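Structure, as structure tokens:
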Amino acid sequence: YIMYLLINNSYNDLNPKATPMLIKYFSKKKIEIKVINTKYDLVKHLKNKKKIKGIILSGSDLSYSENFCHNMLDINILALLEFDIPILGICFGFQTIGLFYGGTINRLKNLNKGKQKINLYKNELFNNITNNNFYQYHQDYLVKIPPNFKIIAKEKKIINGIKHKDKPIYGVQFHPELSGNTGFKIIDNFIHICTNY
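In terms of this note's numbering, the sequence shown opens at residue 1463 and continues consecutively.
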């Protein structure tokens, strides 16, 4: 019996678009995914670590540069500290991984929004990905990656993907779950990584 945890960073968003798409995709594939909205939700799963295959840290309207992240940060950090399994951070989740391990976040003048061409570097997360147009929606961005990480995707000058050098921890700035079939192929690759870990 296995399941995935989705740290729902858009818990307080009025109209979250991305997180529901992930939940829908997992249920379509008949894979159990537990949505974690509070620290209490996550703590309950700590005693059943063996059952959990992977964790996704979702996107969010929260912003590090504007400091309104309150308790969501705790939940993400608890997940990163307590679980030794593959983790995928998306958008805000990606920035959280970057910050937690020692990277630096900055803010763009304007919101970076829409489908864009992203350069993907060879990596198991991007296996068999042929189309590299992905949906972006962010204003904060990672300026400096943490030590122990390498860049796996870039859009012009902006870092769009990182991976830990030793652990199966991945982050993407773009939204695979809002990028159509190509994006879901990345989610499939992540599931494959988790299954084989």
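Even for Gly, the Cβ is constructed at its ideal location relative to N, Cα and C.
These numbers come from a predicted model, not from an experiment.
Out of F1652, L1543, N1590, N1572, the CA that lies nearest to the CA of K1625 is found in F1652. In the pairwise beta carbon analysis, the segment 1554–1565 is classified as touching the segment 1630–1639: at least three pairs are separated by under 8 Å. Secondary structure note for N1651: its alpha helix (DSSP H) is the uninterrupted segment 1642–1657.
Note on S1527: under 16 other CB atoms within 10 angstroms of its CB, so exposed under the neighbour-count rule. Out of F1588, N1643, G1642, I1539, the CA that lies nearest to the CA of I1655 is found in F1588.
Listed in chain order, the non-local C-beta contacts of A1480 below 6 Å within the same chain comprise G1521, H1637, E1639, L1640, local neighbours out to five positions each way being set aside. Within the model, the alpha-carbon separation for K1512 versus K1486 is close to 24 Å. Secondary structure note for D1503: its alpha helix (DSSP H) is the uninterrupted segment 1501–1508.
If you ignore the 5 residues before and after N1585, its C-beta comes within less than 7 Å of the C-beta of I1614, K1625, all in its own chain and listed in chain order. Boundaries for Y1526: no beta strand (DSSP E) harbours it, and the DSSP string shows neither H nor E there. The closest CA to that of D1523, considering only G1560, L1508, Q1601, N1658, is found on Q1601.
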